[in-house]
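Report on the following structure.
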Amino acid sequence: MLRVKKERRRKLVTHWLRREPTSELKQRVGFLETEARRREVEPDYKIVARLLLLLLLTPFKVIYHLLMALLNLLFARASHKRGLVSQNIAMVARDLHAPLGTCFQWFIQARFAIFLLVANTMAFLLSLFLDPGLLDRLMLHSLYFKALDFKWIAISSFSSMFLHANIYHLAANLAGIYIFSRVVERELGHFRAALIYFGAGVFSAVFSNTIYALFASKDIVSLGASGAIMGLVAAAILLRPLTLVLGLIPVAVLGLLQIYTDISGIIRPSPADNVGRLAHLGGYLAISFMLFLFTAGEKQRMKKGLMINIGIVVLYLLLVYLGGLRYISFSLY
């Protein structure tokens, strides 16, 4: 009888393990995976708060441990003096290292962002020594699209993402990568953040250069990672619009200011403006073609995020027309 009960229990457990997971179980697993990703990349405001607290307390801790080292040196027993003083000096070193360790942790948590920072910097340094003719070929030309040169369309759509006009162009793109990639990596993980970045980069290149090829009379040359970054901007402000970046600014505010500046630049173009506004627009639009990368729960959050962004825009317009607030112009690029 006991053997029959054990066998029946074993069959029930086997059946439970082999059955298709229920929607509730899938949601629970998805929630746990999201929480694990969020623990990998801390919000900026938490790290900044911890860093400010360390900077505030470190001088007092250092003074305290130095005083303890002096007291131990003067009054401790000879047999214990060396060990106690060494311990106090080690505590001073630990206190001085803590703010630096927090800054380093802040920097390295977003692995894909670090990869992009290194890759773009190395590509910029390499471009300084490349043959000018080859470098020009690696940039994205609208002539490639007019001539339907699919080989160089494919090559330059990717290579141009890692090329920059000057050190200021590079620095602005690196700042954008780090700010927005941290938010997206925290929500989606490194792999899906990479898919969004490169997908938006290629889509924005094809989108903008197709328009140039159809309507521009001369060859338009494009380079830079800003189209790809705008894909991260769109994902960040939809997924977590109220997440604080740089410690105190909601990511939606930065993203919407950039979108406003780009749309203004397209509507009222300036001859002095050499920023690829159409590529930026393509980066924003690219996210609508990559919705298959998101789970049902994430899509629901994106709908709420869209409503929050619309609310911010409406509030801004009310402040402009009712409160006398002037229009704000902002652009990293």
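Quick note on the working numbering: the sequence shown kicks off at 49 and runs consecutively. C-beta: ideal position from N, C-alpha, C; glycine also. Predicted model, so just to flag it, every value in this text is computed and none were measured.
About 10 Å separates the beta carbon of M278 from that of Y245, a gap too long to meet the 8 Å contact definition. Annotated three-state conformation of I315 is helix, per DSSP. Rounded to whole angstroms, L101 and P91 show a C-alpha spacing of 16 Å. One thing to note: R159 has its Cβ within 7 Å of the Cβ of H238.
Sequence-distant partners of L114 (beyond 5 residues in either direction) whose C-beta falls short of 7 Å from its own C-beta, in its chain, are V140. Distance from the CA atom of Y308 to the CA atom of L290, rounded to whole angstroms, is 18 Å. When only Cα atoms are considered, L103 and S134 end up about 24 Å apart. Looking only at R130, W154, G324 and A334, the smallest Cα-Cα distance to K94 is reached by W154.
Counting along the chain, the unbroken alpha helix (DSSP H) around F172 starts and ends at R159 to S175. In this structure, H212 sits away from G303, with a CB-CB distance that is not shorter than 7 Å. Nearest in C-alpha terms to G353, of all of F108, V281, G330 and S256, is V281. According to DSSP, residue pairing for I297 in a beta bridge involves V293. Fewer than three Cβ pairs drawn from the stretch 165-181 and the stretch 249-265 lie within less than 8 Å of each other, which leaves the two stretches out of contact.
Taking the Cα of A284 as reference, the smallest distance to any Cα among M170, A220 and V301 is reached at V301.
Taking a contact as a CB-CB distance under 8 Å, the pair T150 and L105 does not count as one, their CB atoms being some 12 Å apart.
Under the Cβ criterion (8 Å, minimum of three pairs), the stretch 329-343 counts as touching the stretch 241-255. Taken through DSSP and simplified to helix, strand or coil, S270 comes out as strand.
Only residues of its own chain outside the window of five on either side were considered, and among them D310, G313 and I314 have a CB closer than 6 Å to the CB of R325, listed in chain order. Partner residues in the beta bridge of H189, as assigned by DSSP, are V269. When the Cα atoms are used, V368 and N221 turn out to be separated by approximately 30 Å.
Taking 7 Å as the cut-off, the Cβ atoms of L188 and S204 count as close.
DSSP places M116 within a helical segment (H, G or I) once states are collapsed to three. No residue range can be given for S208, since it is assigned to no alpha helix (DSSP H) and is classified by DSSP as neither H nor E. Under the DSSP assignment, I227 falls in the alpha helix (DSSP H) whose first and last residues are I215 to F263.
Counting along the chain, the unbroken alpha helix (DSSP H) around F152 starts and ends at A126 to I156. Each of M355, I225, I137 and K347 was checked against the Cα of L165, and the nearest Cα belongs to I225.
Per DSSP, A320 is not a residue of any alpha helix (DSSP H), being assigned neither H nor E.
The beta carbons of K109 and D143 sit closer together than 7 Å. Sequence-distant Cβ neighbours of E233 in its own chain, meaning closer than 6 Å and more than five residues away, are V89, A158, F160 and A241. Judged by their CB atoms, M170 and A276 are not nearer to each other than the 7 Å cut-off.
The Cβ-Cβ distance between V299 and V361 does not fall below 7 Å. By the C-beta density criterion, M355 is exposed, having fewer than 16 other C-beta atoms within 10 angstroms.
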